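Trainee: Chains as they are written, first to last, in our numbering: chain A, 27 to 359; chain X, 27 to 359. Each residue gets a CB set at the ideal place from its N, CA and C atoms; glycine is no exception. Note that this is a predicted model, so its numbers are computed, not measured.
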DNA sequence: TCAAAAGTGTTATCCTTACACCCATGT
DNA sequence: ACATGGGTGTAAGGATAACACTTTTGA
C-alpha cells in the first residue's frame, strides 16, 4: 500500500470544503443558550459557521477572531470539539462526491456582554433537545422517546433485542439508575439511528422507524448542526465537572444559588443545595466580595466571585454534580 | 459581518490540504509502542498519514480502512483526536500561504497480530518523550528539563515569574505533588514554547531559549507529528481511567500482572499491585478462564480475560490509577 | 532454602450524599 | 406569620491507598 505523505485533497474525485462551526454558549440561571442564525423564513436554523481563512496562524485563532466579531467582545474560553466529515453531510447535493468538512468548536460567552445582531439570536438549547432537560423531573417528551425505543427493541430478534436493550439502557438509563447527563450525544445518535429524528430520513440514513414514526419534538437544525450541538452539550456537561469553565458564563459577581442554577441549566439536572455550596467552597474556587445581593426573594445572599488563581493552581477542579452511576462502577483516577 | 454559510476553502488565497494522521498504539508489558514510518535515511521519522478519500462515508471509516490495510487486521478501537491546522505547520514551505490540515486519530491494536511491513516499524513512544517514563522513578532527562525550565522562570520579571512558576508546576508537578501522567501534551507544549525542543526553532516559533539551549533528548518527528503523538498519549492516558480500552491492547488471555504492566507502560507510572488487582476485579471487568500461566517466574498466575459484556453494561469503567492530585482538589462528579 | 511473583486481609482517611435544622429578609 | 431562599452541622456509607502478611512455584 502506498501512503502518500500528503495529498492535495482537491486532486481526487470531488473536492473538500472546510468550514468552522461554532457552538457558542451562554447561560443564565434560567437556562442554557446557544447562538443560532435564522437565515430566512423557510430555511432551517443553523449554527454560526464561517470560512477557514488562510491568514490565521492557528485554527483556534481563526475561530476566535470571527466569533469575537460576531459577539462583539473577547472570548474567554474556546475549545475544539470534533471534525465532522461524513460524506453524506450534504446528501441532497450534486452527483459529484463532495466532502464537506466541518470543524466544530465550543465557545463560552457571557450573554449579557454579547452584542445583539439582526442575523443571530440566543435560544435555549433545549429547544433542540427537549429530552435533555430534567431540571423539573422527566419531561413529557420522554414518553414518546421511550415508546419509540420500545418499538425498536421489540421488533428485533432475540439476541439483537438484548443488545438493543442494553444500548438504550446505557444511553437513557435503566430503572433505578441515575440519568447520566453527559450522554447527550449518545442519546441523539441513538435516536438518529433508530430514525426518530427527522434528519435521519432527510439524510437517507438506514433507519428502523418509518418516516411517520418521527414523533419527537425538538427543532431540527441545518445539515448536521444538531449533532454538532449535541457534541458541544456533552463536552460541556462533562467539562464542568473537572475544569472551572462555568465561571466563563457567570457575571463577575454572583451568588451560590445563581452558580448552582447555571450548572443545573447546563447539566439539565437538579442539584442538592447544601452540598453544592460546600463543594464549591471547599475547593477554593470562589471568594467573598464583601457585597450582598438583597433581591434574592429571601435572606440576602453574599456575592462571590471566581478566584482567577485556581486556573494556575490546579490541573483539575470543577463544580459538583452527582455521580452518573453508582460509585462501584467508577474508577476514580 | 457576513457569514457565508459554506465557503470553498480553495477559493481564497492559498489552498487547504487535508490528511489523516494516525497514532497507532500497541503495548506489551514491556512498553508502549507506536507505529512509525522511516521514509529514508536522512528524513525524519513520521506517523503514518494518508489522504482523505472522498468515497468513504465517514472520516472514521476512511481512517479505519487504511490503517487496517497497514496493520493487516480489523481494528478494535478508533478515536478522533484533534484537527491540527496551524498555518506554520509547514513553515519552511513556499511563499503562498498554504494550510495543511491534519486530522489526528488514535487507534489501538494488538501488536502480536499486526503484520510486519518494510515501510513501518513499532517503536517505544518514550523514544520521543523520555521524560514521560517514570516507571522506574524520575528519569535522567528530568534534570535537564528542570534546568531549562528554571532558566526560563529565572529570566522573567516578578509578576511573570510567578506565572511561569505556576505553569511549570502545573505541568511537571510541584514538590510533594504527584506526577500527573495525563498532562503529556501540556508538558510538550510548554517545552515547545520555552524552546527546549528542536522543532520549536525549526518552526521559527517565538521561543525563549536560544537554539543552543536545546538540551533535550527525545527524537524529533516530521512536522507537528510529535505534538499529535503527545495528544494521543494524553488522551489514552486519561481514557484508560474511565473506559476499558486497555483490553484492546491485551491478548485474549492474560494475567493480572500483565494487565498491570500494560497500564503502567501506558501511564508511565508504577502501580500498587494488591490494590490494582482488587480494583479491576471489583469492577467486574475480567473473568477467570480456568487456565493458569506457569511461566511467570514465581507462583503460577490465573489467566483471565476481558468480560465483553461490560461494554454494554456501563458507560464508564476503567482501570485503576492513583489520583493525579490530592483528593481534596478534585470534584468527583 | 530463597527469590519472585500470586494473592488475601485490614485499616485510617477522606469523599459523597442525604437528612435535619436554623437564619434573615420581604410581604 | 409565613414563604423563600441563605446557610451550617452531622452522620452513614463507600472508595482510596497504604500496610502487613500468606501461598505457590522454579532455581
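Keeping to the same chain, check which residues put their C-beta closer than 7 Å to that of residue 205(A); ignore five residues upstream and five downstream.
Mentor: Here the question's residue 205(A) lines up with position 179 in the first chain. 160, 199, 295, listed in sequence order.
Trainee: Quick one: give me the first and last residue of the beta strand (DSSP E) that residue 45(X) is part of.
Mentor: On the second chain, position 19 is the one that residue 45(X) refers to. Start and end: 42-53.
Trainee: Can you tell which of 285(A), 134(A), 106(A) has the C-alpha that lies nearest to the C-alpha of residue 428(A)?
Mentor: Given a span of 27 to 359 for chain A in the structure shown, any question on residue 428(A) remains unanswerable.
Trainee: If the cut is a Cβ gap below 7 Å, which residues of chain A does residue 106(X) touch?
Mentor: Sequence index remark: in the second chain, residue 106(X) carries index 80 (1-based). Here the neighbours are 108, 109.
Trainee: Are the C-beta atoms of residue 85(A) and some chain X residue less than 7 Å apart?
Mentor: By 1-based counting over the first chain, the position of residue 85(A) is 59. Cβ-Cβ to chain X under 7 Å: yes for residue 85(A).
Trainee: Excluding five sequence neighbours on each side, which residues of the same chain lie with their C-beta closer than 6 Å to the C-beta of residue 248(X)?
Mentor: For this step, residue 248(X) is matched to residue 222 along the second chain. Excluding positions up to five away in sequence, the list reads 70, 72.
Trainee: List, from N- to C-terminal side, the alpha helix (DSSP H) runs of 4 residues or more that fit wholly inside the stretch 158-207 of chain A.
Mentor: The qualifying runs are 167-180, 184-198.
Trainee: Candidates 154(A), 162(A), 92(A): which alpha carbon is nearest residue 131(A)'s?
Mentor: Along the first chain, one-based indexing puts residue 131(A) at 105. Answer by Cα proximity: 92(A).
Trainee: Kindly indicate the opening and closing residues of the beta strand (DSSP E) around residue 130(A).
Mentor: Sequence index remark: in the first chain, residue 130(A) carries index 104 (1-based). Residue 130(A) -> beta strand (DSSP E) spans 125-134.
Trainee: Apart from the five residues on each side of it in sequence, which residues of its chain come closer than 7 Å, Cβ to Cβ, to residue 62(X)?
Mentor: Walking along the second chain from the start, residue 62(X) turns up at place 36. Around residue 62(X): 71, 72, 73, 146, 147, 149.
Trainee: How far does the alpha helix (DSSP H) with residue 147(A) in it extend, from its first residue to its last?
Mentor: If you number the first chain from 1, residue 147(A) lands on position 121. No alpha helix (DSSP H) holds residue 147(A); the beta strand (DSSP E) holding it covers 146-150.
Trainee: Does residue 254(X) come out as helix, strand or coil in the three-state DSSP assignment?
Mentor: On the second chain, position 228 is the one that residue 254(X) refers to. DSSP places residue 254(X) in helix when its eight states are reduced to three.
Trainee: Taking contact to mean at least 3 C-beta pairs separated by less than 8 Å, is the stretch 207-218 of chain A in contact with the stretch 255-265 of chain A?
Mentor: The answer is yes - the stretch 255-265 of chain A touches the stretch 207-218 of chain A, with three or more Cβ pairs under 8 Å.
Trainee: In angstroms, rounded to a whole number, what distance separates the CA positions of residue 169(X) and residue 233(X)?
Mentor: Here residue 169(X) refers to the residue found at position 143 of the second chain. Here residue 233(X) refers to the residue found at position 207 of the second chain. Roughly 20 Å separates the two Cα atoms.
Trainee: Inspect the beta-carbon positions of residue 56(A) and residue 77(A) and report whether they are closer than 7 Å.
Mentor: Numbered from 1 along the first chain, position 30 holds the residue referred to as residue 56(A). Numbered from 1 along the first chain, position 51 holds the residue referred to as residue 77(A). Result no, Cβ atoms of residue 56(A) and residue 77(A) do not sit closer than 7 Å.
Trainee: Starting from residue 91(X), trace the alpha helix (DSSP H) in both directions and tell me its first and last residue.
Mentor: On the second chain, position 65 is the one that residue 91(X) refers to. Looking at the DSSP string, the run of the alpha helix (DSSP H) that includes residue 91(X) is 85-97.
Trainee: I need the boundaries of the beta strand (DSSP E) containing residue 223(A), first residue and last residue.
Mentor: Locating residue 223(A) in the first chain gives position 197, where the first residue counts as 1. Taken as a continuous stretch (DSSP letters only), residue 223(A) belongs to no beta strand (DSSP E), as it is neither H nor E.
Trainee: How should residue 225(X) be labelled, buried or exposed, when 16 other C-beta atoms within 10 angstroms of its C-beta is the threshold for buried?
Mentor: The residue you call residue 225(X) lines up with position 199 of the second chain. Counting Cβ neighbours within 10 Å, residue 225(X) comes out buried, since at least 16 surround it.
Trainee: On the DSSP letters alone, give me the boundaries of the alpha helix (DSSP H) that residue 286(A) sits inside.
Mentor: Numbered from its first residue, the first chain carries residue 286(A) at position 260. First-last of the alpha helix (DSSP H) with residue 286(A): 282-293.
Trainee: By a C-beta neighbour count over all protein chains shown, 10 Å radius and 16 as the cutoff for buried, is residue 317(X) buried or exposed?
Mentor: Position 291 of the second chain, counting from 1, holds the residue named residue 317(X). So residue 317(X) counts as exposed.
Trainee: DSSP state of residue 317(A), grouped into three classes?
Mentor: Working through the first chain from its first residue, we reach residue 317(A) at position 291. Strand, per DSSP.
Trainee: Do the CB positions of residue 53(A) and residue 285(A) come within less than 7 Å of each other?
Mentor: The count along the first chain starts at 1 and reaches residue 53(A) at position 27. The count along the first chain starts at 1 and reaches residue 285(A) at position 259. Not a contact, by the Cβ cut-off of 7 Å.
Trainee: To the nearest whole angstrom, what separates the beta carbons of residue 246(A) and residue 252(A), a pair I think is in contact under 8 Å?
Mentor: Taking the first residue of the first chain as 1, we reach residue 246(A) at position 220. Taking the first residue of the first chain as 1, we reach residue 252(A) at position 226. Right, the Cβ-Cβ distance comes to about 6 Å (below 8 Å), so this counts as a contact.
Trainee: Whole angstroms is fine: what's the gap from residue 189(A)'s alpha carbon to residue 178(A)'s?
Mentor: Mapped onto the first chain, residue 189(A) falls at position 163. Mapped onto the first chain, residue 178(A) falls at position 152. Cα to Cα, the separation comes out at about 11 Å.
Trainee: Between the alpha carbons of residue 334(X) and residue 281(X), how many angstroms are there, rounded?
Mentor: What you label residue 334(X) is simply residue 308 of the second chain in a count that begins at 1. What you label residue 281(X) is simply residue 255 of the second chain in a count that begins at 1. Looking at the two C-alpha atoms, the distance is approximately 17 Å.
Trainee: Quick one: is residue 28(A) buried, meaning 16 or more other Cβ sit within 10 Å of its Cβ, or exposed?
Mentor: The sequence position of residue 28(A) within the first chain is 2, counting from 1. At residue 28(A), the pLDDT of 31 sits below 50, so the modelled position is not reliable; the number obtained from the coordinates is stated separately. It counts as exposed.
Trainee: Since I believe residue 274(A) is in contact with residue 156(A) (beta carbons under 8 Å), could you give me their beta-carbon distance rounded to a whole number of angstroms?
Mentor: Indexing the first chain from 1 puts residue 156(A) at position 130. Indexing the first chain from 1 puts residue 274(A) at position 248. About 26 Å separates the two Cβ atoms, so there is no contact after all.
Trainee: Figure out for me which residue from 255(X), 290(X), 241(X), 313(X) has the closest Cα to the Cα of residue 166(X).
Mentor: What you label residue 166(X) is simply residue 140 of the second chain in a count that begins at 1. Of the listed residues, the one whose Cα sits closest to residue 166(X) is 241(X).
Trainee: Find the nearest neighbour of residue 48(X) within the set 154(X), 326(X), 254(X), 102(X), judged by alpha-carbon distance.
Mentor: On the second chain, residue 48(X) is found 22 positions in, with the first residue counted as 1. Among 154(X), 326(X), 254(X), 102(X), the Cα nearest to that of residue 48(X) belongs to 254(X).
Trainee: I believe residue 271(A) touches residue 152(A) by the beta-carbon criterion, under 8 Å. Please report the beta-carbon distance rounded to the nearest angstrom.
Mentor: As a first step, residue 271(A) is located in the first chain; it is residue number 245 there, counting from the start. As a first step, residue 152(A) is located in the first chain; it is residue number 126 there, counting from the start. In fact, because the Cβ distance is near 20 Å, the residues do not count as touching under 8 Å.
Trainee: How would you label residue 83(X), buried or exposed, when you count the other beta carbons within 10 angstroms and need 16 or more for buried?
Mentor: Within the second chain, numbered from 1, the residue matching residue 83(X) stands at position 57. Exposed, by the Cβ-count rule.
Trainee: Can you give me the start and stop residues for the alpha helix (DSSP H) that residue 302(A) sits inside?
Mentor: One-based indexing of the first chain puts residue 302(A) at position 276. From DSSP, the alpha helix (DSSP H) with residue 302(A) extends over 299-308.
Trainee: Is residue 72(A) helix, strand or coil when you go by DSSP?
Mentor: For the purposes of this step, residue 72(A) is taken as residue 46 along the first chain, with counting starting at 1. Note: residue 72(A) maps to strand in three-state DSSP.
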